[in-house]
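Have a look at the structure below, then the notes.
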Amino acid sequence: MYMVFFRSGFEQLKRNKIKAGDIAVSFKEVIGLEGAKREALEVIQLIKDRKQLQKIGGKIIKGILLIGPPGCGKTLLARAIATECKVPFLSMAGSEFIEMFAGVGASRVRNLFKKAREYAYADGACIVFIDEIEVIGRARTFSCTGGGEETNSTQNQLLVEMDGLDNKKSNVLVIAATNADESVLDKALLRAGRFDRKIVITFPNLKEREQLFDFYLKRVKVAPEVKIDRLAKKAIYKSPADIENIIKEAALIAVRKKKEVIDIKDLSEAIDRIDLGMETYINMTPKELEMMAYHEAGHAVAIYLMHPTDDVFKVTLKSHQRSLGLVVPLPKEELQIEYREKLLSDIMVSLAGYVAEKIKYNTTTTGVSVDFRHAMTTANNMVWKVGMGNGGFVGDFSVIPQEEMSQSLKEKLNNETISIINSCYAKIEEFLKTNWMAVDVVAKKLISEKELDFDELEEVMETVGKRKPKPADFNAMAGCTE
1 MYMVFFRSGF EQLKRNKIKA GDIAVSFKEV IGLEGAKREA LEVIQLIKDR
51 KQLQKIGGKI IKGILLIGPP GCGKTLLARA IATECKVPFL SMAGSEFIEM
101 FAGVGASRVR NLFKKAREYA YADGACIVFI DEIEVIGRAR TFSCTGGGEE
151 TNSTQNQLLV EMDGLDNKKS NVLVIAATNA DESVLDKALL RAGRFDRKIV
201 ITFPNLKERE QLFDFYLKRV KVAPEVKIDR LAKKAIYKSP ADIENIIKEA
251 ALIAVRKKKE VIDIKDLSEA IDRIDLGMET YINMTPKELE MMAYHEAGHA
301 VAIYLMHPTD DVFKVTLKSH QRSLGLVVPL PKEELQIEYR EKLLSDIMVS
351 LAGYVAEKIK YNTTTTGVSV DFRHAMTTAN NMVWKVGMGN GGFVGDFSVI
401 PQEEMSQSLK EKLNNETISI INSCYAKIEE FLKTNWMAVD VVAKKLISEK
451 ELDFDELEEV METVGKRKPK PADFNAMAGC TE
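Here's what the structure looks like:
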């Protein structure tokens, strides 16, 4: 039985050997990742100049660790490195090393590096790519019950093979990828001499997302009115794999609707399906639908006319797994920090649905619970964590255990939080009353159309003479004072 598993693992290595010419992934195909590509190109140059490096007594880099969230291009980057270096590429996943029989993992590591050295001897160098390195690279555990011994022995063998490469004078470069935090991995694995370089791969920024949408949309037939910059803004925190999936999903939706090209509605629906799940069909009374329309119209008008950093991607009454209706915000720019006026605007937008219900019906619904939670959390963090209240309290009070704080201090901080909520409520109430004609016309359009994207909302707002204010006007409107 042991020999069967051993042979299976050995044959797997043969299948996973890829020649550089067969990979054919150029750096042009690795969209974005500019910082990671710069690091990778430096390593590639070292591999290409390995003979010159050895002449002056230098040593080739032994390992590169690619760290980042799933779908961000770690495997693609590794394949591009192998293509550029024109060397063989051996690939295995961390889970392929582990079996239920003791010693199998370590033997597979030995076989992997034996093959890598053979290819390196024949071709000048070889790249070993280990995906999901955290499976065998987690911090080792030492238990008297023996649990984890197989993983430990596999990792120990990997440590020996990587550290022994220089002694054998073989140009084997190990590239490993992980979705886990670096702290999860064993310190011995991360030390210099094993993984000499760590390349952190993050979610693409706005410019990179525009490049990704442009790349994938060129592969399909798309309507000319589709605006890539707007899609890229909506796809914040989306990985390249997510963006590719959005295009695939939009194509399926377009075909199902018998369309010749993919339009913005299809792309918007694809994003919703990925973010919110499938559309659900709930029977609502005309009264419920109308109340929900005014609720969402309140949010939409507040964002459109007074939010300093967000636009409205779309407002919909269509139900999904996690919501009945919703307004999807669209960041105007990718901010790394949030300032006070922006947070106050967030609170006012959260309260706008409740205020719209109250103005229209003089009553409210349970649909405001999530909005209240967001508003209270934002105001609480402003006071308790980042010193944005008006009471002169500066510091992060959340780090102090509640039992060690005086009741008087807690009451003052809580009163500051309530003061922000009340001030924002008064301001958004006055604002919506002043702009009620816009709320009314948006709500009525929603009832008839069920969904409005940015351009459609803009057209509706223009019918009542409302245009988006200039940035300076936004900041003035967001200036809540307690």
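The numbering of the sequence shown is UniProt numbering, which starts it at 1 and goes up by one. Even glycine gets a Cβ: it sits at the ideal position worked out from N, Cα and C.
| Check | Outcome |
| --- | --- |
| Apart from the five residues on each side of it in sequence, which residues of its chain come closer than 6 Å, Cβ to Cβ, to K233? | L330 and P331 |
| Return the first residue and the last residue of the beta strand (DSSP E) that C126 is part of. | C126 to D131 |
| So which of A300, I271, V104 and R108 has the shortest CA-CA distance to L90? | R108 |
| Among N362, D310 and Q54, which has the Cα closest to the Cα of R230? | D310 |
| Less than 7 Å between C-beta atoms, sequence neighbours within five positions excluded: which residues of the same chain meet that for V441? | V460, T463 and V464 |
| Report the option in V399, A188, C85 and V200 whose CA atom is closest to the CA atom of P69. | V200 |
| Using beta-carbon positions only, say whether R340 and M376 come within less than 9 Å of one another. | no |
| Measuring CA to CA, which of V315, K248, S323 and K314 is closest to T280? | S323 |
| Between which two residues does the beta strand (DSSP E) harbouring P331 extend? | L326 to P331 |
| Spell out the partners DSSP gives K314 in its beta bridges. | V328 and D453 |
| Mind reading off the beta-carbon distance from A250 to D266? Whole number of angstroms is fine, and I expect it under 8 Å. | 4 Å |
| Which one of S153, D186, L112 and K114 has the shortest CA to CA distance from A139? | D186 |
| At the level of alpha carbons, what is the spacing between A223 and Y425? | 42 Å |
| Just the Cα atoms here: how many angstroms apart are I64 and V261? | 43 Å |
| Curious, which full-length beta strand (DSSP E) runs of at least 3 residues does the stretch 158 to 204 contain? | 172 to 178 and 197 to 200 |
| Taking G277 as part of the beta strand (DSSP E), name the residues at either end of that continuous run. | No beta strand (DSSP E) holds G277; DSSP gives it neither H nor E. |
| Is L33 closer than 9 Å to G73 when the C-beta atoms are compared? | yes |
| Going by the beta-carbon positions, is the gap between V172 and A120 smaller than 9 Å? | yes |
| Which class does F393 belong to by DSSP, given the choice of helix, strand or coil? | coil |
| Spatial neighbours of M437 within its chain, please: CB distance less than 8 Å, with the 5 preceding and 5 following residues excluded, ordered by chain position. | V464 |
| My assumption, with CB atoms under 8 Å, is that S398 sits in contact with K385. Please give the rounded CB distance. | 5 Å |
| Is DSSP giving H374 helix, strand or coil here? | helix |
| Classify A106 as buried or exposed, calling it buried when 16 or more other Cβ atoms lie within 10 Å of its own Cβ. | buried |
| Which class does S153 belong to by DSSP, given the choice of helix, strand or coil? | helix |
| Using 10 angstroms around the beta-carbon of M291, count the other beta-carbons present and answer buried if the total reaches 16, otherwise exposed. | buried |
| According to DSSP, M284 sits in a beta bridge with which residue or residues? | According to DSSP, which records beta bridges pairwise, M284 is partnered with nothing at all. |
| Can you look up L33 in the DSSP assignment and give me helix, strand or coil? | coil |
| Quick one: give me the first and last residue of the alpha helix (DSSP H) that G105 is part of. | V104 to D123 |
| Report yes if the C-beta distance between A93 and L66 is below 9 Å; otherwise report no. | no |
| Given a cut-off of 9 Å on the beta-carbon distance, is the pair E134 and V184 in contact? | yes |
| If I measure Cβ to Cβ from R209 and keep anything under 6 Å in the same chain, skipping five residues before and after, which residues do I get? | A232 and A235 |
| Give the straight-line distance between the Cα atoms of N205 and I418, rounded to the nearest whole angstrom. | 36 Å |
| In whole angstroms, what separates the C-alpha of I246 from that of K221? | 14 Å |
| For I347, which of helix, strand or coil comes out of DSSP? | helix |
| Just the C-alpha distance for L252 and G277, rounded to the nearest angstrom, thanks. | 15 Å |
| Please state the DSSP three-state secondary structure of H295. | helix |
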